[in-house]
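Residue numbers (full-length UniProt numbering): 1 to 150.
Some notes on the structure that comes next.
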Amino acid sequence: MPKPQRWFSSDHHFNHDAIRRYSERPFATVEEMDVEMMSRWNAAVAPNDLVYYLGDLAFAPKDATRALLNQMHGRIYYVRGNHDRQMKGPSWDRFEWIKDYFDLKVDEQHIVLCHYAFETWNRSHHGSWHLHGHSHGSFDASATQPSRPP
């Protein structure tokens, strides 16, 4: 069996019709968008891959969201977003875990995971990375770069 790949993703907003306009997604219907996103996900992510998902997977009732999850490849570690208040408790056992924030270490690289962007984060002045979702491409990443002495 090949070594699992590690993926980071966020903000698919499955079943969220208005996101097509907000994020200029080129789909005629929300159903077309959902089918295409699921197809692309499963074409890239293998069943045993590790996925760190940084919130806002779906804008759907609990049962519909769980049905989507059951179609998705990967072992998913979930960091909750602003549309994820329903995601807590044993009914979400499809996830490896659910958290609001996580400090991850991959090899020697420290990575802070949260749905929201931070101006500073744990070990930000020591080379750690911060990965986040939420901004839908409207965020100026240069505003969160740690300053370095000359």
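Backbone N, C-alpha and C define an ideal beta-carbon position, used for all residues, glycine too.
Note that the structure is predicted; figures quoted are calculated from it, not measured.
7 Å Cβ shell around residue i - same chain, five flanking residues per side excluded
i	result
Q71	M38
Q109	W129
Y116	H132 and H134
Whole-angstrom distance between residue j and residue i, CA atom to CA atom
i	j	result
P4	E96	15 Å
I19	E32	13 Å
N48	H126	32 Å
H130	R66	28 Å
S128	W121	8 Å
T29	V106	38 Å
A60	A43	23 Å
I111	R25	29 Å
V79	F8	11 Å
Cutoff 6 Å; reference residue i; Cβ partners in own chain excluding five residues on either side
i	result
S10	L54, G55 and G133
F14	D34, A58 and L68
Alpha helix (DSSP H) segment containing residue i, residue limits
i	result
W92	Element bounds for W92: n/a, residue is neither H nor E.
Q71	K62 to Q71
R20	I19 to Y22
Cβ-based burial, residue i [other Cβ within 10 Å; buried from 16]
i	result
Y22	exposed
V45	buried
D84	buried
Extent of the continuous beta strand (DSSP E) run through residue i
i	result
S39	That residue, S39, is in no beta strand (DSSP E); its alpha helix (DSSP H) goes V30 to A44.
S9	R6 to S9
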